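Engineer:
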Amino acid sequence: MAKNYKIFISHSWSYPDDLIKLRGLLEERGYFNVVFQEAGNDVPINSENASYIKKVLKAKITDSDVVLAIAGMYASYSDWIAWEVETAYLNDIPVIGVIPRGQERISATVTKYSKIDVRWNTESIVEAIRAYAK
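Its first residue numbered 1, the sequence shown is counted upward by one per residue in full-length UniProt numbering.
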């Protein structure tokens, strides 16, 4: 039986298309089962209380097999992405940086904690998940 990978995708709420596209790549990949853990526009955490949001997100991150961090330059300016990847790192959850298509420069915030950074290619992402997921 194929493994179900629990994946938390660290992303920017200002760029929801990247999250949707990355989910789509993984969901469409045959013989690769994923369960997404992150909060997205489709299932937001309905709170403005930062400590409550961090508690909920930490539970999702630590329950994940791996964190995929979208490594666009906007990640360098997001306190939430920085907090998510650092939280994963401090809790021994592997972080994989995913470089958006066409990006020449990538976020140092992500690469500081990532085990590997891969290009926006289904096979590269799946291979990294299989290699590094706990």
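Backbone N, C-alpha and C define an ideal beta-carbon position, used for all residues, glycine too.
Keep in mind it's a predicted model, so treat the numbers as computed, not measured.
Rounded to whole angstroms, what's the CA-CA distance from Lys55 to Val95? Just pull it up for me.
Structural biologist: Distance between the alpha carbons of Lys55 and Val95 is about 19 Å.
Engineer: Alpha carbon to alpha carbon, how far is Tyr74 from Arg105? Give it in angstroms, no decimals.
Structural biologist: Cα-Cα distance, rounded: 11 Å.
Engineer: DSSP on Gly24, reduced to helix/strand/coil?
Structural biologist: Here Gly24 sits in helix by DSSP.
Engineer: State yes or no: is the C-beta of Trp120 nearer than 7 Å to some heavy atom of the ligand GTP?
Structural biologist: The ligand content of the structure shown is nil, which means the ligand GTP is not present either.
Engineer: Could you tell me the boundaries of the alpha helix (DSSP H) in which Lys134 lies?
Structural biologist: No alpha helix (DSSP H) holds Lys134; DSSP gives it neither H nor E.
Engineer: Taking 8 Å as the threshold, find out whether the region 6-17 comes into contact with the region 61-72 through three or more Cβ pairs.
Structural biologist: Flag = yes, the region 6-17 and the region 61-72 touch.
Engineer: Do you know offhand how far His11's Cα is from Ser47's?
Structural biologist: Each residue's Cα considered, the two are about 18 Å apart.
Engineer: Per DSSP, which residues does Leu90 bridge with? Please list them.
Structural biologist: Answer by DSSP bridge pairing: none, since Leu90 is not bridged.
Engineer: Assuming Lys6 is part of the beta strand (DSSP E), what are its boundary residues?
Structural biologist: Looking at the DSSP string, the run of the beta strand (DSSP E) that includes Lys6 is Asn4 to Ser10.
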